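Note that the UniProt record's numbering gives residue 357 to position 357 of the sequence shown, counting from 1, and the numbers run on in steps of one.
The C-beta atom is built at its ideal place from N, Cα and C for all residues, glycine as well.
All values derive from a computational prediction rather than experimental measurement.
Here is the structure we will look at.
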Amino acid sequence: MNHPVRRNPIASFFVGLWDVMNFTRRLIFNLVFFGFLFLLLLVFVVALARGDGTKPLAERTTLVINPEGTLVEQFSADPVSRSLAKAVGDKSAEEVQLRDLVRVIEAAGKDRKIERVLLNLDKLQPSGFASQREVAVALQKLRASGKQIVAFSESMSQGQYLLAAQANEVYLDPMGSVLLEGLGRYRQYFREGLQDKLGVDVHLFRVGEYKSAAEPYILDAASADAKEADLFWMNDVWRRYLADVGTARKLSPAQLAAGIDTLPEGVAAAGGDLAKFALQQKLVDGLKTREEVDALLVQRGVADSDADSGFRNIGFNDYLSQLQAQRSPMDSRPQVAVVVAAGEISGGEQPAGRIGGESTAALLRQARDDDDVKAVVLRVDSPGGEVFASEQIRREVVALKQAGKPVVVSMGDLAASGGYWISMNADRIYADPSTISGSIGIFGMVPNLTRALDKIGVHTDGVATTRFAGAFDITRPLDPAAGQVIQAVINKGYADFTGKVAQARHQSVDAIDKVARGRVWSGAQAKERGLVDAFGGMQEAVADAADRAKLSRGKFRVRYVEKPATPFSQFMSGFAGSRMGAWMLSDSGMARALLARSLPEVDSQLRFVESAVHDSKAGGTPVKSLAYCFCGF
1 MNHPVRRNPI ASFFVGLWDV MNFTRRLIFN LVFFGFLFLL LLVFVVALAR GDGTKPLAER
61 TTLVINPEGT LVEQFSADPV SRSLAKAVGD KSAEEVQLRD LVRVIEAAGK DRKIERVLLN
121 LDKLQPSGFA SQREVAVALQ KLRASGKQIV AFSESMSQGQ YLLAAQANEV YLDPMGSVLL
181 EGLGRYRQYF REGLQDKLGV DVHLFRVGEY KSAAEPYILD AASADAKEAD LFWMNDVWRR
241 YLADVGTARK LSPAQLAAGI DTLPEGVAAA GGDLAKFALQ QKLVDGLKTR EEVDALLVQR
301 GVADSDADSG FRNIGFNDYL SQLQAQRSPM DSRPQVAVVV AAGEISGGEQ PAGRIGGEST
361 AALLRQARDD DDVKAVVLRV DSPGGEVFAS EQIRREVVAL KQAGKPVVVS MGDLAASGGY
421 WISMNADRIY ADPSTISGSI GIFGMVPNLT RALDKIGVHT DGVATTRFAG AFDITRPLDP
481 AAGQVIQAVI NKGYADFTGK VAQARHQSVD AIDKVARGRV WSGAQAKERG LVDAFGGMQE
541 AVADAADRAK LSRGKFRVRY VEKPATPFSQ FMSGFAGSRM GAWMLSDSGM ARALLARSLP
601 EVDSQLRFVE SAVHDSKAGG TPVKSLAYCF CGF
């Protein structure tokens, strides 16, 4: 007879403990699972119930254009990151798309329910002068439509002031200031610190005496050529700024320039009161507090006790949301596609706000393969970057043209060096007179750490079968023969660049070389030298592209071709954008955790050197050829 085996008491204890743990694990898993399902259902119900969250627009409404953030061509963060940041009130990296700002201004001019516009630009950070002038033109058209524009600010930079000056009336807080100071461009130079102090030797290989992007690593001050070139285009841009402000305020450029030249005396005469000085210079029409401006708009508009300002109004973001909600998702008209190329040009796939040789080329390829797309506008705002990545994008522009689809380039604030490389083959190139362009040149940079390592007692030694094995190791002195190889590669890159420009622009190589050499030009100067075809912004570029594709006005739609969001991104963006989602995320702190994971790390200070220095682990060429321009303000 077999007797059942009696389990050891200790074993029984652990088996029982395991059963309890297993039950607890399954219970927690089920609670989390069904809790998540409940959350999804709740979000779905809330999304259906909330609509767009804005009230219908009433008659005689004042549009308050109060954008917050840096003016950009394209958001640098994905929709999830932006929605999560908005949910928790994080405004540290807010951005305003130029296209959105212009669209709101243009729509207001046609909207009979918008009676007037209040410009409040305190929290808008303009970028370059080309984008500022594009917004200024939109404001001029709005004013010409008969809509009154009132501008108010607590203090204004000269970029903000260019926009405010387009208003019928400009008011400044009595404690505020408007200072026009001119343009300046100063950089830090590292030669003494790198070479003399740290022992890091930097070898620069370039073509073009004006190609000054890497000068800070080999000099202690700007070269005479760099100063000459910079001052030439900066003077042109500044003269245009004074003319634009003067036209808007009915002042001569000479008056404005004199106000800057005599700034110390003028401020002293105003008793050190910067607001009073701005009024004396006729830069503003009056000094008023925000409450006084609100009271003025209550008198002119419709009082609204529910509004914080006291008058009937709608803000920039709410009005933009209404415009976006009016778009028909079933619009079957032929398309003019817009591909935005904004930021530095790097190899491979890059996130929004940067240009990737593969990712941006893929967007152009997508437009080429889409039968609904009849023409393409490439919007360029870039200082350049890697040569090969630039060439990948240029080839896709050529492929679009070969497929029978016109390509028109619209240059933004900056389309220099690699930014010009990707633009040159377009059917037509538009730029603002204050766009920064040119900088047709190539360089490469190789740092050497031999002396730096010697200082701490670290030395490199070994053997090789040829003189070039390990010749590009940055811990060994650079062999002059290796330097000759690098310079030959750079020379060839410059010849390729100027040769391609000459072919694309129907000029001789010698003619292009005279305006190249790495020299930067304003848009107006670039047009004089045959590098740009016409002046204009996005509107002119889109109209030109449509005309080339034989699309009648009103018979096509403009579509921005962008990397599509993943289903998860769409869900999280919608969830965070809902009232319930925003409340849950901000209250729970979950948004901050997700935001920290979703926002890419920004290392702008190191990107340039990282692009210039070869990573030995990745293989490939010993030094990257770069078409880059450190131009701007």
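Kindly list the residues whose CB is nearer than 7 Å to the CB of Gln-426, restricted to its own chain and excluding five residues on each side of it in sequence; keep chain order. Indexing the sequence shown from 1 puts residue 426 at position 426. Sequence check: residue 426 is Ala here, not Gln. Within the same chain, Ala-426 has close Cβ partners Leu-378, Val-397, Val-407, Val-408, Val-409.
In chain order, which continuous runs of the alpha helix (DSSP H) of length 4 or greater are located wholly inside the segment 314–398? If we require 4 residues or more, the alpha helix (DSSP H) runs fully inside the segment 314–398 come out as 316–325, 357–369.
Reduced DSSP category for Phe-152 - H, G, I as helix; E, B as strand; rest coil: As a position in the sequence shown, residue 152 is number 152, starting the count at 1. DSSP, reduced to helix, strand and coil, places Phe-152 within a strand of the structure shown.
Can you tell me whether Gln-402 is buried or exposed, with buried defined as 16 or more other CB within 10 angstroms of its CB? For this step, residue 402 is matched to residue 402 along the sequence shown. That one is exposed.
Beta-bridge pairing of Asn-448 - partner residues as DSSP gives them: Taking the first residue of the sequence shown as 1, we reach residue 448 at position 448. Within the DSSP secondary-structure output, Asn-448 pairs in a beta bridge with Asp-201.
Contacting residues, own chain, Cβ-Cβ under 8 Å from Ala-482 (five flanking each side not counted): Locating residue 482 in the sequence shown gives position 482, where the first residue counts as 1. Listed in chain order, the non-local C-beta contacts of Ala-482 below 8 Å within the same chain comprise Phe-468, Ala-471, Phe-472, Pro-622, local neighbours out to five positions each way being set aside.
With a cut-off of 8 Å on the beta carbons, I'd call Ile-442 and Ala-248 a contact; round off their distance for me. Along the sequence shown, one-based indexing puts residue 442 at 442. Along the sequence shown, one-based indexing puts residue 248 at 248. Not a contact, Cβ separation roughly 41 Å.
Could you give the first and the last residue of the continuous alpha helix (DSSP H) run that contains Met-538? As a working note, residue 538 is residue 538 in the sequence shown. Counting along the chain, the alpha helix (DSSP H) containing Met-538 begins and ends at 538–548.
So, helix, strand or coil for Phe-129, using DSSP? By one-based count along the sequence shown, residue 129 stands at place 129. The answer is helix: DSSP assigns Phe-129 an H, G or I state.
Leaving out five residues on either side along the sequence, give the residues of the same chain with a beta carbon under 6 Å from the beta carbon of residue 637. Missing from the structure shown is residue 637; the chain here goes from 1 to 633 and no further.
Run through DSSP, which three-state label would Glu-228 get? Along the sequence shown, read from residue 1 onward, the residue named residue 228 stands at position 228. The DSSP-derived three-state label of Glu-228 is helix.
Burial state of Ala-229 (16 or more Cβ within 10 Å): The residue labelled residue 229 in the question sits at position 229 within the sequence shown. Looking at its Cβ environment, which holds 16 or more other Cβ atoms inside 10 Å, Ala-229 is buried.
Can you tell me which of the three DSSP states Ile-486 falls into? Start at 1 with the first residue of the sequence shown, and residue 486 comes out as number 486. Reduced to three states, the DSSP call for Ile-486 is helix.
Length of the line joining the Cα atoms of Ser-76 and Pro-351: Along the sequence shown, one-based indexing puts residue 76 at 76. Along the sequence shown, one-based indexing puts residue 351 at 351. Our two residues, Ser-76 and Pro-351, have alpha carbons roughly 7 Å apart in a direct line.
Among Asp-547, Ser-212, Gln-148, Val-561, whose alpha-carbon lies nearest the alpha-carbon of Arg-368? For this step, residue 368 is matched to residue 368 along the sequence shown. Ranking Asp-547, Ser-212, Gln-148, Val-561 by Cα distance to Arg-368 puts Val-561 first.
Out of Asp-236, Lys-405, Gly-518, which has the shortest C-alpha to C-alpha gap to Gly-419? If you number the sequence shown from 1, residue 419 lands on position 419. Cα-wise, what sits closest to Gly-419 is Gly-518.
Taking the C-alpha atoms as reference points, what is the distance between Lys-617 and Ala-278? Counted from its first residue, the sequence shown places residue 617 at position 617. Counted from its first residue, the sequence shown places residue 278 at position 278. With a pLDDT of 42 at Lys-617, under the threshold of 50, the modelled position of this residue cannot be trusted, and the question is left open.
Are the CB atoms of Gln-74 and Val-340 nearer to each other than 8 Å? Here residue 74 refers to the residue found at position 74 of the sequence shown. Here residue 340 refers to the residue found at position 340 of the sequence shown. Cβ atoms of Gln-74 and Val-340: closer than 8 Å.
Can you give me the Cβ contacts of Asp-273 inside the same chain, cut-off strictly under 7 Å, excluding the 5 residues immediately before and after it? Along the sequence shown, read from residue 1 onward, the residue named residue 273 stands at position 273. Excluding sequence neighbours, Asp-273 sits near nothing in its chain.
Would you be able to state if there are at least three C-beta pairs under 8 Å between the segment 521–541 and the segment 432–441? A contact between stretches requires three or more CB pairs, one per stretch, nearer than 8 Å, and the segment 432–441 meets this requirement with the segment 521–541.
Pro-564, buried or exposed, once every other Cβ within 10 Å from all chains shown has been counted against 16: Position 564 of the sequence shown, counted from the start, is the residue given in the question as residue 564. Exposed is the call here.
C-alpha distance - Val-104 paired with Gln-97, whole-angstrom precision: Numbered from its first residue, the sequence shown carries residue 104 at position 104. Numbered from its first residue, the sequence shown carries residue 97 at position 97. Going from the Cα of Val-104 to the Cα of Gln-97 covers about 11 Å.
List the whole-angstrom C-beta distance separating Leu-162 from Val-245, where the pair is believed to meet the contact cut-off of C-beta under 8 Å. Along the sequence shown, read from residue 1 onward, the residue named residue 162 stands at position 162. Along the sequence shown, read from residue 1 onward, the residue named residue 245 stands at position 245. About 6 Å separates the CB atoms of Leu-162 and Val-245; that is less than 8 Å, so the two are in contact.
Are the Cβ atoms of Phe-535 and Ala-389 separated by less than 8 Å? Locating residue 535 in the sequence shown gives position 535, counting from the first residue. Locating residue 389 in the sequence shown gives position 389, counting from the first residue. Not closer than 8 Å, so no.
Can you say whether Asp-381 is buried or exposed, counting buried as having 16 or more other CB atoms within 10 angstroms of its CB? Taking the sequence shown and counting its residues from 1, the one referred to as residue 381 is at position 381. A residue is called buried once 16 or more other Cβ atoms fall within 10 Å of its Cβ, and Asp-381 is buried on that count.
Is there a C-beta anywhere in chain D that falls below 8 Å from the one on Ala-541? This model lacks chain D altogether; it includes just one protein chain.
Buried or exposed, going by whether 16 or more other CB atoms sit within 10 Å of the CB of Ala-456? By 1-based counting over the sequence shown, the position of residue 456 is 456. Looking at the sequence provided, one finds Ile at residue 456 rather than Ala. If you draw a 10 Å sphere on the C-beta of Ile-456, you find fewer than 16 other C-beta atoms in it, and that means exposed.
Could you tell me how far apart the beta carbons of Cys-629 and Ala-213 are, in whole angstroms, since I believe they sit closer than 8 Å? The residue labelled residue 629 in the question sits at position 629 within the sequence shown. The residue labelled residue 213 in the question sits at position 213 within the sequence shown. Cys-629 to Ala-213, Cβ: 6 Å. Contact.
Taking 8 Å as the cut-off, decide whether the C-beta atoms of Val-178 and Leu-283 are in contact. To locate residue 178, count along the sequence shown from 1; it is residue 178. To locate residue 283, count along the sequence shown from 1; it is residue 283. Yes, Cβ-Cβ distance for Val-178 and Leu-283 is below 8 Å.
What alpha helix (DSSP H) runs, 4 residues minimum, are completely inside the UniProt domain "Peptidase S49" (142–294)? If we require 4 residues or more, the alpha helix (DSSP H) runs fully inside the UniProt domain "Peptidase S49" (142–294) come out as 158–164, 224–249, 253–261, 263–269, 274–280.
Out of Arg-394, Glu-540, Gln-148, which one is the CA nearest neighbour of Lys-500? For this step, residue 500 is matched to residue 500 along the sequence shown. The closest CA to that of Lys-500, considering only Arg-394, Glu-540, Gln-148, is found on Arg-394.
In this structure, how does DSSP classify Phe-38 when only helix, strand and coil are distinguished? Counting from 1 along the sequence shown, the entry for residue 38 is found at position 38. In the structure shown, Phe-38 sits in a helix (DSSP, three-state: H, G or I).
Considering only DSSP beta bridges, list what Gly-69 is partnered with. By 1-based counting over the sequence shown, the position of residue 69 is 69. Beta-bridge pairing links Gly-69 to Leu-124.
What does a CB cutoff of less than 8 Å around Ile-218 pick up in its chain, not counting 5 residues either side in sequence? Taking the sequence shown and counting its residues from 1, the one referred to as residue 218 is at position 218. Sequence-distant Cβ neighbours of Ile-218 in its own chain, meaning closer than 8 Å and more than five residues away, are Arg-191, Val-202, Leu-204.
Over what stretch of residues does the beta strand (DSSP E) that includes Ile-429 continue unbroken? Residue numbering aside, residue 429 sits at position 429 when the sequence shown is read from its first letter. Residues 428–431.
Between the alpha carbons of residue 649 and Glu-95, how many angstroms are there, rounded? The chain is shown only over 1 to 633; residue 649 falls outside these bounds and no answer can be derived.
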